[in-house]
Structure formats: C-alpha cells, structure tokens
Amino acid sequence: MTDPENNPPDLDRALFVDEIGIETGIYGNYRLKTAHQPIFRREGAELIPFAVEARVVPFRGGSAIAPAEFFEKTPQADRAFVEALCRTLHLRNHRNIGIDEPERFELYLTIDPHHDGWDAPDGAAHSISALAGEAGIPAGMIMCEILDAVTLDTEALAALSGELRDRGMRVSIAEFRVGQSAIDRVTQIEPDVIKIDGAWFRDVQESSETAQLFPAVINAFQGLGAKLLVQGIETPAELEGALDAGADYLQGMLLSPPALAGSALNENPQPIEALLRRGGKVVNLGRNHHRR
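Position 44 of the sequence shown, counted from 1, bears residue number 44 in full-length UniProt numbering, the numbering being contiguous throughout.
What follows is the structure, encoded as structure tokens:
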C-alpha cells in the first residue's frame with residue numbers, strides 16, 4: 001500500500017474501536033464509518049425490515065463527504081486495502097445496527113471484483129467468511145452484491161459467485177440494467193437477488209410504456225429464482241409502482257434513511273397505506289452512499 005498521508009500499514013492498525021464497541025476505519029486523513037439502511041419485504045398490508053445494507057460514509061475534518069468523491073481520490077495502489085478495510089468495518093459493525101439481536105437481520109455487502117482480489121487465496125470470499133465467523137454472523141445471512149457484474153468477464157463472474165456460494169453466502173447482482181448481457185448473466189449464475197437502482201427505476205416509471213413492461217421483467221427473473229430489490233424509493237408514487245410491479249424487496253429514503261452504526265434501528269412494521277399517503281418532499285441523503 002502506498003503511504004501518501006501516513007496511512008496505517010495493516011488492517012488491525014487501521015481500525016479504531018470506541019468505548020461502546022463501534023469501529024471506525026482510519027485511512028490517512030479520512031475516518032471511515034459504517035452506515036446501515038434497512039431493506040423491507042412485504043407481508044400483507046405492511047412492510048417488514050429484515051436486512052440492512054452496510055455502506056461506507058467517509059469523513060474528513062469532521063464532515064461527511066460523498067463516497068464517490070472519496071473513492072475517486074483513493075490511489076489505485078490503495079484500492080484493495082481500502083476495500084478490505086470497508087469490508088472488515090462493516091462485518092464487525094453488524095452488531096451495532098441498533099437492535100438487541102442483530103444476527104436476526106441479514107447483512108448486504110458489496111464486492112468490487114476489480115479491486116477485491118477475489119481470486120487470491122486470501123481474497124474477498126475467504127476474508128468475508130473468516131470475518132463473519134469471528135463476528136458470529138451465519139454465512140447464510142450474508143448477501144454479497146457484485147458491483148458492475150454486467151461488465152465482468154463471464155468466467156470470472158461465475159468463479160466469484162461460486163467462491164461465495166461454496167462458503168455458504170448468497171449472491172446479488174448490483175447496478176442491474178435490462179439487456180441481453182444482463183439476462184445472460186442472470187441465467188448463468190442465478191443470483192439470489194437482483195438490485196434495481198433508483199435512478200433506472202425512476203426512468204422506467206416516467207414512461208407509461210416501459211412502466212407497463214416492468215412487471216413482465218420482474219416476473220421473468222422471479223421465474224429464474226431471483227428476488228427483485230428496488231432501491232432508491234423516495235416518493236409514495238415510486239413505492240406504489242414497485243409494489244404494483246411485484247418487487248420482492250424495497251429500500252429507500254421514503255421507507256428509512258441510512259443511519260450510522262450505533263443508531264437505533266426501527267424494527268416496527270410500516271403500514272403500506274400510511275407510506276402511500278406520506279406527503280412532502282423526501283430529502284435525498286443517501287444517493288451517494290451506493291458503494292461499499
């Protein structure tokens with residue numbers, strides 16, 4: 001790892017644990033914190049939180065900055081270290097999601113195959129499995145989201161998904177777009193979850209023609225055994241569109257914003273009718289928290 005700002009040379013030295021057990025990553029002048037955003041499933045007339053997605057929130061000089069800005073400034077030579085640091089941070093902070101029994105909630109993590117060294121003996125799949133064991137998280141409760149899966153070499157994608165499943169974890173395709181390339185990859189690796197990002201979903205909903213086709217897309221992939229997660233839901237209209245289309249899982253600012261590790265997580269079911277009636281502007285605090 002390069003050392004432009006006296007970065008710690010190893011993961012143990014790059015992690016700080018406060019007096020209540022919340023861990024923070026140290027990378028040069030940055031302090032990396034974990035944020036959790038709940039994921040919901042529908043049960044009758046309610047939405048039930050059942051999982052959290054862990055995301056990194058970089059701080060510099062006491063102020064949060066956009067993750068995209070942080071990663072753009074991270075030297076390529078340091079990316080593997082930073083990815084490993086974020087991964088370690090999120091797994092160790094799962095106990096700090098703000099409920100009494102955090103092991104009841106699934107944990108969604110991201111893997112960047114371009115920087116995670118997944119094919120090395122001590123790569124992402126191995127380290128996630130080992131860290132999960134140390135943290136007391138059952139492997140089956142971990143969903144590993146492969147970034148840029150539609151651009152990854154098909155053999156590499158199959159190998160990575162196989163490595164994760166061999167260790168008992170599940171696989172999600174991130175940044176999904178409808179197209180032949182995406183369809184081929186879904187057929188090839190049969191992901192457990194397909195994420196539909198908010199920006200693409202909003203584009204679909206803005207056109208009546210594509211909105212009418214969207215349920216058919218969901219049905220097709222559900223027929224292959226995949227669950228569909230629509231994220232980035234910000235308005236009652238977007239929630240209604242996702243529910244009408246038959247999305248399995250939902251996430252977004254309308255339902256629950258991301259919160260730093262240690263914040264209390266609301267486990268209570270949310271009545272769908274109340275969410276659909278919710279008015280006013282939804283302030284977007286999480287759009288830039290989509291990586292790591």
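Cβ coordinates follow ideal geometry from the N, Cα and C atoms, glycine included.
Item to check | Backbone CA spacing between glutamine 270 and proline 75 [nearest angstrom] | outcome: Locating residue 270 in the sequence shown gives position 270, counting from the first residue. Locating residue 75 in the sequence shown gives position 75, counting from the first residue. When rounded, the distance between both Cα atoms is 42 angstroms.
Checklist entry - If we ignore side chains and look at the alpha-carbon of each, how far apart do asparagine 6 and glycine 28 end up? => result Taking the first residue of the sequence shown as position 1, residue 6 is located at position 6. Taking the first residue of the sequence shown as position 1, residue 28 is located at position 28. Unreliable placement is indicated for asparagine 6, whose pLDDT of 46 sits below 50; the coordinate value is still reported in the next sentence. Near 6 angstroms, if we compare the C-alpha coordinates of glycine 28 and asparagine 6.
Item to check | Pairwise C-alpha distance: leucine 243 and histidine 36 | outcome: Locating residue 36 in the sequence shown gives position 36, where the first residue counts as 1. Locating residue 243 in the sequence shown gives position 243, where the first residue counts as 1. Straight-line Cα distance between these residues: approximately 23 angstroms.
Checklist entry - Since isoleucine 146 and valine 186 are thought to touch, with beta carbons under 8 angstroms apart, how far apart are those beta carbons, to the nearest angstrom? => result Within the sequence shown, numbered from 1, the residue matching residue 146 stands at position 146. Within the sequence shown, numbered from 1, the residue matching residue 186 stands at position 186. The pair is not a contact, with the Cβ atoms about 12 angstroms apart (cut-off 8 angstroms).
Item to check | Sequence ranges, beta strand (DSSP E) only - wholly within the stretch 96-161, length at least 3 | outcome: 106-111, 142-146
Checklist entry - If we ignore side chains and look at the alpha-carbon of each, how far apart do aspartate 12 and alanine 80 end up? => result Here residue 12 corresponds to residue number 12 of the sequence shown, with the count starting at 1. Here residue 80 corresponds to residue number 80 of the sequence shown, with the count starting at 1. Roughly 15 angstroms between the two C-alpha positions.
Checklist entry - Taking the beta strand (DSSP E) that leucine 228 falls in, what are its first and last residues? => result Counting from 1 along the sequence shown, the entry for residue 228 is found at position 228. It spans 227-230 - the beta strand (DSSP E) in which leucine 228 sits, taken as one unbroken run.
Next on the checklist: What does the Cβ neighbour count give for lysine 73, buried or exposed, with the cut at 16 atoms within 10 Å?
Outcome noted: The sequence position of residue 73 within the sequence shown is 73, counting from 1. The residue in question, lysine 73, is exposed, as its Cβ has fewer than 16 Cβ neighbours within 10 Å.
Item to check | Pairwise C-alpha distance: lysine 33 and glutamate 273 | outcome: By one-based count along the sequence shown, residue 273 stands at place 273. By one-based count along the sequence shown, residue 33 stands at place 33. If I take the Cα positions, the gap works out to 34 angstroms.
Checklist entry - For glycine 225, which residues from the same chain have a beta carbon less than 7 angstroms from its beta carbon, with the 5 sequence-adjacent residues on both sides left out? => result Locating residue 225 in the sequence shown gives position 225, where the first residue counts as 1. For glycine 225, where only same-chain residues beyond five positions count, the Cβ hits under 7 angstroms are Glu190.
Item to check | Own chain partners of alanine 245 with C-beta closer than 7 angstroms, once the 5 adjacent residues on each side are dropped | outcome: In the sequence shown, the residue the question calls residue 245 occupies position 245. Correct list, in chain order: Phe214, Pro215, Ile218.
Checklist entry - Which residues mark the beginning and the end of the beta strand (DSSP E) in which serine 207 is found? => result Here the question's residue 207 lines up with position 207 in the sequence shown. Here serine 207 belongs to no beta strand (DSSP E), and DSSP marks it neither H nor E.
Checklist entry - Count the other CB atoms within 10 Å of the CB of histidine 290; is the residue buried (16 or more) or exposed (fewer)? => result Counting from one through the sequence shown, the residue named residue 290 turns up at place 290. Note that histidine 290 scores a pLDDT of 43, beneath 50, so its modelled location is shaky and nothing firm can be said.
Next on the checklist: Is it buried or exposed, valine 230, if we count other Cβ atoms within 10 angstroms and call 16 or more buried?
Outcome noted: For this step, residue 230 is matched to residue 230 along the sequence shown. Classification for valine 230: buried.
Item to check | Cα-Cα separation, isoleucine 20 to serine 256 | outcome: The count along the sequence shown starts at 1 and reaches residue 20 at position 20. The count along the sequence shown starts at 1 and reaches residue 256 at position 256. Approximately 24 angstroms between the Cα atoms of the pair.
Checklist entry - Straight-line CA distance for arginine 42 to glycine 252? => result Within the sequence shown, numbered from 1, the residue matching residue 42 stands at position 42. Within the sequence shown, numbered from 1, the residue matching residue 252 stands at position 252. Using only the alpha carbons, I get a separation of about 14 angstroms.
Item to check | Residue interval of the beta strand (DSSP E) (run including glycine 25) | outcome: The sequence position of residue 25 within the sequence shown is 25, counting from 1. 23-27 is the span of the beta strand (DSSP E), which, as asked, contains glycine 25.
Next on the checklist: Taking a contact to mean a Cβ-Cβ separation below 8 angstroms, would you say glycine 98 touches serine 263 in this structure?
Outcome noted: For the purposes of this step, residue 98 is identified with residue 98 of the sequence shown, where counting begins at 1. For the purposes of this step, residue 263 is identified with residue 263 of the sequence shown, where counting begins at 1. Yes; because the gap between Cβ atoms is below 8 angstroms, this pair is in contact.
Checklist entry - What is the rounded straight-line gap between the Cα of alanine 174 and the Cα of alanine 14? => result By 1-based counting over the sequence shown, the position of residue 174 is 174. By 1-based counting over the sequence shown, the position of residue 14 is 14. So the two alpha carbons sit approximately 28 angstroms from each other.
Checklist entry - In whole angstroms, what is the alpha-carbon distance linking leucine 275 and asparagine 266? => result Taking the first residue of the sequence shown as 1, we reach residue 275 at position 275. Taking the first residue of the sequence shown as 1, we reach residue 266 at position 266. About 15 angstroms.
Item to check | Opening and closing residue of the beta strand (DSSP E) in which alanine 35 lies | outcome: Locating residue 35 in the sequence shown gives position 35, where the first residue counts as 1. Start and end: 30-43.
Checklist entry - Between the C-alpha atoms of arginine 277 and alanine 199, what's the straight-line distance to the nearest angstrom? => result Position 277 of the sequence shown, counted from the start, is the residue given in the question as residue 277. Position 199 of the sequence shown, counted from the start, is the residue given in the question as residue 199. Each residue's alpha carbon lies about 22 angstroms from the other.
Checklist entry - Three or more C-beta pairs closer than 8 angstroms, one from the stretch 127-139 and one from the stretch 46-64: is that the case here? => result no
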